[in-house]
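Data block below; observations after.
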Amino acid sequence: MLEDIYTELIAEHSKSRENRRTLPNATIKERGHNPTCGDEITLELEVVDGVIKDAAFSGSGCAISQASTDMMIELMRGKTVEEAKRLAELFIKMIHGEVTDDTELDALDEAAALKNISTMPARVKCATLAWHTLELGMQNRNF
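The opening position of the sequence shown corresponds to residue 7 in our numbering, with each subsequent residue numbered one higher.
Set out below in structure tokens:
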């Protein structure tokens with residue numbers, strides 16, 4: 007049952023086109039690349055008054071990297087930069103098996119469904135690509 011939900015979410019988010027676009031008013035544009043398997047994304051954020059007003063991405067890669075990126079964008083839209091940084095850190099810790107408490111992981115919404123990737127070392131970089139790209143894009147910027 008849980009495996010079916012995980013598979014369904016990955017399929018749904020990896021095929022979704024809603025967040026695959028460019029942002030004409032992007033204030034941050036950051037490229038992420040996973041040389042291990044060739045996943046590539048360009049993440050665009052429109053940050054206004056310290057809040058992520060909109061986010062989008064382009065790129066290609068495996069279903070996990072694309073689904074994780076789509077889930078992340080849906081989660082980050084409307085969040086403050088500080089909250090986005092906290093959630094990105096939480097997601098990365100979850101994927102590395104450092105945070106396992108479901109109550110704490112509820113903050114990740116659908117992205118928490120990727121928790122079991124921590125048991126698949128070859129897929130960790132796929133799942134975290136967008137989240138690391140987000141962190142890099144927000145690093146050393148004044149909002």
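All C-beta atoms in this analysis are idealised placements derived from N, C-alpha and C, irrespective of residue type, glycine included.
Every unbroken stretch of the beta strand (DSSP E) spanning 3 or more residues and falling wholly within the stretch 51 to 122 is given here in chain order: 57 to 66.
As the crow flies, the alpha-carbon of Cys43 is around 22 Å from that of Arg23. The beta carbon of Ala73 lies closer than 6 Å to those of Ile16, His19, Ser20 in the same chain, with the five residues before and after it left out. Shown here, Thr28 sits in coil according to DSSP, grouped into three states, outside any helix or strand.
The shortest C-alpha to C-alpha distance from Thr86 to any of Lys59, Glu14, Asp45 is the one to Lys59. The beta carbons of Met100 and Leu111 sit closer together than 8 Å. Assignment of Gly143 by DSSP, reduced to helix, strand and coil, places it in the helix class.
Under the three-state reduction of DSSP, Thr134 is assigned to helix. Pairing His39 with Glu46, the inter-Cα distance amounts to about 4 Å. DSSP places Asn40 in the uninterrupted beta strand (DSSP E) bounded by 34 to 40. Spatial neighbours of Ala69 in its own chain (CB-CB distance under 6 Å, excluding positions within 5 residues in sequence) are listed in chain order as Ile16, Ser20. For the 8 Å CB-CB criterion, Leu142 and Ala117 do not form a contact.
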